[in-house]
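Worksheet: one structure, shown below.
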Amino acid sequence: MAFFSDRNNIFSSSGERLKRSKRLGKEQLQYLVKELGKDLEQGETLLQSLPMGIILLNKDFCLQLMNRAARRCPLFFLHQVHQVNAFYDTRYPIWHDLSHEELSRWLESELQGKGVSRPREFNYFDDNGELRVILIEISSQVRDGAIEGWIILITDVSELRQQEREVRQLAILASLSTVTAGVAHEIKNPLAAMSLHVQLMQRLLRRTRQAGEGTKSADPISGPPQEQLLEYCGIVQEEIERLNTFVTDFLLTVRPLELELIGQDIRKVVQPCIDLLQPELEDKGIVLELKLREGLPNVALDESMFRRMLLNLLQNAIQAIEDKTETLNKQMRDLYRGHLGLQSYQKSDKVYLEITDNGCGMSDETQKKILEPFFTTRPKGSGLGMTMVLRILQTHNGDLQIQTKEGVGTVLRIALPLFHQEQKLLIDRNSLYS
Numbered sequence: 001m002a003f004f005s006d007r008n009n010i011f012s013s014s015g016e017r018l019k020r021s022k023r024l025g026k027e028q029l030q031y032l033v034k035e036l037g038k039d040l041e042q043g044e045t046l047l048q049s050l051p052m053g054i055i056l057l058n059k060d061f062c063l064q065l066m067n068r069a070a071r072r073c074p075l076f077f078l079h080q081v082h083q084v085n086a087f088y089d090t091r092y093p094i095w096h097d098l099s100h101e102e103l104s105r106w107l108e109s110e111l112q113g114k115g116v117s118r119p120r121e122f123n124y125f126d127d128n129g130e131l132r133v134i135l136i137e138i139s140s141q142v143r144d145g146a147i148e149g150w151i152i153l154i155t156d157v158s159e160l161r162q163q164e165r166e167v168r169q170l171a172i173l174a175s176l177s178t179v180t181a182g183v184a185h186e187i188k189n190p191l192a193a194m195s196l197h198v199q200l201m202q203r204l205l206r207r208t209r210q211a212g213e214g215t216k217s218a219d220p221i222s223g224p225p226q227e228q229l230l231e232y233c234g235i236v237q238e239e240i241e242r243l244n245t246f247v248t249d250f251l252l253t254v255r256p257l258e259l260e261l262i263g264q265d266i267r268k269v270v271q272p273c274i275d276l277l278q279p280e281l282e283d284k285g286i287v288l289e290l291k292l293r294e295g296l297p298n299v300a301l302d303e304s305m306f307r308r309m310l311l312n313l314l315q316n317a318i319q320a321i322e323d324k325t326e327t328l329n330k331q332m333r334d335l336y337r338g339h340l341g342l343q344s345y346q347k348s349d350k351v352y353l354e355i356t357d358n359g360c361g362m363s364d365e366t367q368k369k370i371l372e373p374f375f376t377t378r379p380k381g382s383g384l385g386m387t388m389v390l391r392i393l394q395t396h397n398g399d400l401q402i403q404t405k406e407g408v409g410t411v412l413r414i415a416l417p418l419f420h421q422e423q424k425l426l427i428d429r430n431s432l433y434s
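Under the UniProt record's numbering, the residue at position 207 of the sequence shown is numbered 207, and the numbers go up by one with no gaps.
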């Protein structure tokens, strides 16, 4: 924005000269006009040399000035308008003069809309058939609290976006080996357990059949062999459930997510999760403290996905309390009481949901790795729970902050943006394979 400060300096100094012009003679007045011309020429030269496209509009959104970089952008091809150097004389708002319909509609909506305009990228193919990405930003020119005009900044970010794509592709390739190893490990263990117990069942059935040959028993499988067989079947069923859970979580982590964001009262979304976990909390003697504030603005949520994420975090907190209990001696265990807290509040344009527990907490090393795929501190954990949590939060444009101290407890702070009417459907394309 250095140009605009220079431009203001040019015209403010020129204005001071004009105020003194009534006291000047003819020769001095001619000299002043010449100097003003130089100032304008200097400002226009600076404007035209900038690589960024710049468009100035008056307060009625009519085009006043357009530099060379802006004129070269195909998105801003204009219908015939009267032009003097970089300056224009138009009677209608700029969107009436543009040939690009989508850009025209967006400018009309943003300039006439209320609130701060959001930058937007537009794509087009150049003469060589290459995709170009143009970032357009709008800001207002304000003086003494009143809008005097508008500035449109046009930046070609094609190379930057290409570099970002290449970095993402390299990151994907680098993570594939980690993902492959993790998937193989998590699938191999349940399969090995199932294979072992199926073999034990086969061996038991063969022994039972051999023992029952020559007898008249209609049910050769009875007593202890039957109990063993049921035990083996139960283990196989557990491993199948474990495998199914892992595959479900894995697909949720790597596939694109399609969310329907609806304005929700966060209290109404949280309460069913609490109701579901209440019997477990009572059974384990965990004290629940709720401070869910009423009257908070709605937040943009996909109810099903958010509840899934919240249940995961609450179950982690319960597990942390149980893990701490196991580390205490009998005397301390009798004195210890697990506490789980939830509170909600608003700060600025976000609603926060805090989950607090006085469980085992995390070491510094664990905290650094807790969001990495396949990292887990549990013997049968998949290491995908927190990855799934982070993924769901990102698709909600949310944020997660973790405060923890080993042996003391953990605070998880979820930040969610307020709901706006235009937020209806969000398709996440930032999956591992997109």
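All residues carry an ideal CB built from backbone N, CA and C; glycine is no exception.
query                                                                                                                              : result
Test item: CB-CB of S344 and R413 under 8 angstroms                                                                                : no
Short Cβ contact (8 angstroms threshold) for D156 with R118                                                                        : no
Where the beta strand (DSSP E) through R120 begins and ends                                                                        : 120-125
Selection from N189, P190, Q228 that minimises the alpha carbon distance to L200                                                   : Q228
Cβ-Cβ distance between L416 and V351 below 8 angstroms                                                                             : yes
Chain-order list of residues whose beta-carbon lies under 8 angstroms from that of L418 (same chain, five-residue window excluded) : P297, N298, V299, A300, D349, K350, V351
Opening and closing residue of the alpha helix (DSSP H) in which G385 lies                                                         : 385-395
Sheet register partners of S140 (DSSP bridge)                                                                                      : W150
Identity of the residues DSSP links to R344 by a beta bridge                                                                       : One point to set straight first is that residue 344 is Ser, not Arg, in the sequence displayed. BP columns for S344 point to L292, L353.
Residue environment, H420, which counts as buried when at least 16 other CB atoms sit within 10 Å                                  : exposed
P417: first and last residue of the uninterrupted beta strand (DSSP E) it sits in                                                  : 409-417
Residue span of the beta strand (DSSP E) that contains E258, given as start and end                                                : 258-260
Beta-carbon contacts of V269 that lie in its chain and below 7 angstroms, excluding the five residues immediately before and after : L301, E303, F306, R307
6 angstroms CB neighbourhood of G359 in its chain, flanking five on each side removed                                              : A320, I321, K324, G409
G285 versus I136 - alpha carbon distance                                                                                           : 57 angstroms
C-beta contact flag for L314 and C273 at 8 angstroms                                                                               : yes
Per DSSP, cross-strand counterpart(s) of T404                                                                                      : T410
I152, buried or exposed, once every other Cβ within 10 Å from all chains shown has been counted against 16                         : buried
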